[in-house]
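> Here it is, the structure, as structure tokens.
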Amino acid sequence: MRIDIITAVPQLLESPLNYSIVQRAKDKGLVDIHIHDIREWGKGNYHQVDDYSYGGDAGMVMMVEPVFNLISKLKSERDYDQVIYMTPDGEQFSQKMANTLSCYQNLIILCGHYKGIDHRIREHLITMEITIGDYVLSGGELAAAIVADAVIRLIPGAMSDETSALSDCYQDGLLSAPIYTRPAEFNGWRVPDVLLSGNPKLIAQWQEEQAIERTRQLRPQLLKDLGLE
Ligand code: ADE
26 MRIDIITAVP QLLESPLNYS IVQRAKDKGL VDIHIHDIRE WGKGNYHQVD DYSYGGDAGM
86 VMMVEPVFNL ISKLKSERDY DQVIYMTPDG EQFSQKMANT LSCYQNLIIL CGHYKGIDHR
146 IREHLITMEI TIGDYVLSGG ELAAAIVADA VIRLIPGAMS DETSALSDCY QDGLLSAPIY
206 TRPAEFNGWR VPDVLLSGNP KLIAQWQEEQ AIERTRQLRP QLLKDLGLE
């Protein structure tokens, strides 16, 4: 998979995408992440990428031309499955969306900055708009890092234990069962006996019950979405 991220603040993306599973996936050649500084595509000596908005609202707007030129160049080199714009008014990001995106070959992710981007970019170049939640960030970079992380870890081979993605929260629409590690008792706090039983069938049954119970308590709407309630 190849992900091209377009940003006015590339520094914001450096550390989240250089560690842990994402870095391992890069090392294994499972994903190529290219971060493009939109300023390098800016106009004139000052590499201008933003301008005042028509209509006079306060705040700067990302200009259409630098973004158009960069996306056109990328598209001339390969086909892209989606050109994504990170924006608070996009479609809510979810595990399901991460699964879908992890099956693609080439993605562009455009991070908005300033007050927003010229609407013509959204109308003519963007194929998908994603929000990570109902709050406003200073720019799309942190949101893009979250989407990239959630997607990349699902690429087969990215995780050392491939089955571990299957037990993730939300993967089956439920929250996960509680997990524990050694010691079996600490400070009088005991790991549930069933997990020490060595009986895989009992353990699986307990995990399923716990997953449903935790989901019922913490996120009842998820059970309704699954038709289980
Ligand atoms: N850019 C600013 N806020 C955002 C959000 N909540 N999700 C995605 N991109 C954003």
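Residue 151 in this note's numbering sits at position 126 of the sequence shown, and the numbers go up by one each step.
Just so you know, even glycine gets a beta-carbon here, dropped at the ideal spot from N, CA and C.
Let me check one thing: in DSSP terms, what residues is G141 bridge-paired to?
V86
> Comparing C-alpha positions only, which one of P41, Q73, L221, P35 sits nearest to V86?
Q73
> Would you say C128 and M111 are within 7 Å of each other, going by their C-beta atoms?
no
> Less than 8 Å between C-beta atoms, sequence neighbours within five positions excluded: which residues of the same chain meet that for I46?
So the list reads D174, I177, R178, A183, M184, once near-sequence residues are dropped.
> When you compare the region 58-76 with the region 209-217, are there three or more beta-carbon pairs, one atom per stretch, that lie closer than 8 Å?
no
> Tell me which residues share the same chain as E166 and place their Cβ nearer than 7 Å to its Cβ, disregarding the 5 neighbours each side in the sequence.
Once the five neighbours on either side are set aside, the close Cβ partners of E166 are T32, V34, L37, L38, C136.
> Give me the Cα-Cα distance between V172 and D218, rounded to the nearest whole angstrom.
37 Å
> Check whether the Cβ of V161 sits closer than 6 Å to any heavy atom of ligand 1, and report yes or no.
yes
> Quick check: the Cα distance between E238 and V216, rounded to an integer number of angstroms?
If you take the alpha carbons of E238 and V216, they lie about 18 Å apart.
> Check each candidate in G80, V89, Q107, E233 and name the one with the smallest Cα separation from I146.
V89
> Return the first residue and the last residue of the beta strand (DSSP E) that R207 is part of.
No beta strand (DSSP E) contains R207, which DSSP labels as neither H nor E.
> Verify whether the separation of the beta carbon atoms of I157 and A168 is less than 7 Å.
yes
> Assuming I228 contacts I134 (C-beta within less than 8 Å), just tell me the rounded distance between them.
At roughly 39 Å, the Cβ-Cβ gap does not stay under 8 Å, so I228 and I134 are not in contact.
> Could you tell me if the beta carbon of T112 falls within a distance shorter than 6 Å of some heavy atom in ligand 1?
Yes, Cβ of T112 sits closer than 6 Å to a heavy atom of ligand 1.
> Please list, in chain order, all residues of the same chain as I142 whose beta carbon is under 6 Å from its beta carbon, the five residues on each side excluded.
M87
> In whole angstroms, give me the CA-to-CA distance for R49 and L42.
Cα atoms of R49 and L42: separation of roughly 10 Å, rounded to the nearest angstrom.
> Just to confirm my understanding: we take K140, look at its own chain, exclude 5 residues before and 5 after, and list those with CB closer than 8 Å. What are they?
S78, D82, A83, G84, M85, V86
> So, at 8 Å on beta carbons, what are the nonlocal neighbours of E254 in its own chain, with the 5 sequence-adjacent residues on each side left out?
R241, P245, L248
> Would you say I157 touches ligand 1, meaning its beta carbon is less than 6 Å from a heavy atom?
yes
> Kindly examine ligand 1 and report whether one of its heavy atoms sits closer than 6 Å to the Cβ of G182.
no
> Quick check: what's the CA-CA separation for A236 versus Y205?
14 Å
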